[in-house]
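First comes the structure, then the notes that go with it.
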């Protein structure tokens, strides 16, 4: 009888242990929630079963990915990727960004937006981080599993729950069905950081507002036999933030959430894990591997207690087998079309054409391409994708909620310099979205050295291969009379006053990732006043040279450089072929009136034409976290005929601009009709936004343009002369543009060394015959 009772007890115990269900609860905690990945790794390695998961905020993201069939190793790989850093920081790169650039590269550092309807009101972004890349990432990662489960979270690989906060009713909402991506996105909508979204037709915020550690949700929804609760929302900080600490608001928000993390809920049938994360910030997502490892070690430290408490086991092989079976049933999602909300009928048609101009079925790959094509167009601000299950036909519909951006945009910028080249910049853009997009752009530069104005009207056509047509007018004036720098005087100033204007049309076509192909036709007029011998006194009349005609050609530009100036990553490739034809006119002044050279130069007008081919390549190659190496190559070939005077030849030849301040100098030794130039750069990152730069270049003209007598031109022997240029810079990349100290060297010039300090960008509109 004793043996019978003992056997019966053993059998009953075996059934009990085999039937044990384990619930895993993940708290919120921002970046600290990455420690949950390490917890999953440790549990799987020790054959601990996971039957249910509940989570909040970052805990909801990690938990949802595991519930969707991702292994801990796959989640870790995603978290360590550059894509993940872009999602959490709001950065994204659209292949179509370069194509949709409606404004030339300019020195703006501040932009404001205004919407004009029945009232005039300025719009400012209400959230700190742009959620657009994160929204699509969650959809891409979780949509197949959600479709497999028919939007029922009990049917996921691991049954799952997350919580969101309805701030109007001051209650939590337990999300147990619907779009898994939307549920997770709602659970991490930190106020002032991410936009709220709709879940169950209610705008919701981060679940941590009311329940940052959803142990009660786990008990209520699943009633597991044992609980493992992981709380990464420690309130411990090494130092108290000061009033000027820029992390004060973030820490305040964190404290709001942490007050709703009750560690006592676990109870006797559970294990409480709290990784030591007091040295880490909830807003710093950079130390991914460190955070994962801390979660892993903390779980291993509690593993003896876990193994003692939870007697049931499941091997990694069994888990992988179940996971593979689940993933193999995930459907390949296709859509007959898209549902667009938030826009009128004509704007909706524009968006639909961007996604699906041919009205064919769309795969998730097609949806992604259309989504990021849409992101490249700055007419849209709020873009939220989603999938909706239709049980009638057992299909999913792709929907996008979208709002057009403010139709007026204002830009402000310019630079302050130690040389007299400072200027101010103002830009205006107006966009009207209908079946097509109509955009008007204007800008003004004002300063002693440089003045300019631009006006352009553009139409964008959202066909399968999108293209645009733009009409453009540009006026530039450059005053090269340079009395000197802040610390020294220029003993040999240039007396040149140039102005040019052009009017014409160009058509642009999508040329691949970060690329655009332009064809153009412009009429132009150049007007140049100059001293033929670089002297000037009261009563002198400068020589006047004009050249007017037209230029037509084709240009391909591919640009992924990370900054407008002082880039340290990415690549630029620009190639163009153009045909120029015009009439040269020359009217000498009185400076050389009594010289023989004055009488020997013809006046009147001369017809000129030539073909020019030009290519530029610039690229940065990272070699370490601190060092980046770059190179630049520039080449030009032209059969431009000789103009009437030496200075006229220089003014219409092609210039090489290797350094940041090269455009602010008129350097005859860096001008030629045909040349080859190349150089290298070293960029050392002193800190995140501060660089030390060293660069050097060699300029080799095919034939040097040389002065003969006082006004005539002669061309040097092939490859007879060359110029070396070098520069060193200390640059801080501030919110208002670069703050830079430059010491530059130009060989073959009277003043070889030059110092330049500037705040802001040294950028200008293109010249009349510049592509």
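In full-length UniProt numbering, the protein residues as written are 1 to 771. Virtual Cβ for every residue (Gly too), placed ideally from N, Cα, C. Computed from a predicted structure; not experimentally measured.
Asked	Found
Integer Cβ distance of residue 509 from residue 517, believed to fall under 8 Å	5 Å
For residue 775, the three-state DSSP class (helix, strand or coil)	Since the first and last residues shown for the chain are 1 and 771, residue 775 lies out of range.
Inter-stretch contact (C-beta, 8 Å, three-pair minimum) for the region 173 to 191 and the region 357 to 371	no
Residue from 706, 473, 290 whose Cα sits closest to the Cα of residue 525	473
Backbone CA spacing between residue 691 and residue 26 [nearest angstrom]	41 Å
Residue 705 versus 721, 130, 698, residue with shortest Cα-Cα distance	721
Whole-angstrom distance between residue 760 and residue 715, CA atom to CA atom	39 Å
Where residue 423 falls, given that 16 or more other Cβ within 10 Å makes a residue buried	buried
Whether residue 475 touches residue 151 by CB criterion (7 Å)	no
Identity of the residues DSSP links to residue 610 by a beta bridge	580
Among 763, 686, 725, 707, the one whose alpha carbon lies nearest that of residue 732	686
Cβ neighbour criterion (16 or more within 10 Å) applied to residue 125	At residue 125 the pLDDT is 48, less than 50, meaning the model places this residue with poor confidence and gives no usable figure here.
Rounded C-alpha distance that separates residue 22 from residue 296	19 Å
Proximity below 7 Å, CB of residue 205 to CB of residue 169	no
Among 585, 551, 614, 607, the one whose alpha carbon lies nearest that of residue 574	614
First and last residue of the uninterrupted alpha helix (DSSP H) at residue 83	82 to 89
Spatially closest choice to residue 420 from 449, 444, 464, by CA coordinates	449
Pairwise C-alpha distance: residue 163 and residue 55	7 Å
CB contact flag (residue 496, residue 666, <7 Å)	yes
For residue 378 and residue 103, the rounded distance between their alpha carbons	11 Å
Straight-line Cα distance separating residue 711 from residue 646	6 Å
Whole runs of the beta strand (DSSP E) within the region 322 to 407, excluding any shorter than 3 residues	338 to 341, 380 to 390, 395 to 404
N- and C-terminal bounds of the alpha helix (DSSP H) containing residue 648	646 to 652
Beta bridge counterpart(s) of residue 439 as assigned by DSSP	431, 458
Own chain partners of residue 324 with C-beta closer than 8 Å, once the 5 adjacent residues on each side are dropped	none
Cβ neighbours of residue 96 in the same chain (closer than 6 Å, five flanking residues each side left out)	373, 376
Residues that DSSP places opposite residue 523 in a beta bridge	503, 550
Run of the alpha helix (DSSP H) containing residue 730, from where it starts to where it stops	Run containing residue 730: none in the alpha helix (DSSP H); it sits in the beta strand (DSSP E), 723 to 734.
Rounded Cβ spacing between residue 285 and residue 85 (contact assumed at less than 8 Å)	6 Å
Beta-carbon contacts of residue 568 that lie in its chain and below 8 Å, excluding the five residues immediately before and after	562, 620, 628, 630, 683, 685, 691
Nearest to residue 623 (by Cα), restricted to the options 681, 576, 322, 212	681
Residue 592 versus 572, 546, 534, residue with shortest Cα-Cα distance	534
C-alpha distance - residue 747 paired with residue 723, whole-angstrom precision	6 Å
Of the listed residues 750, 464, 229, nearest to residue 35 (C-alpha basis)	229
Same chain only: Cβ atoms within 6 Å of residue 384, ignoring 5 sequence neighbours per side	135, 401
Euclidean distance between Cα positions of residue 360 and residue 336	7 Å
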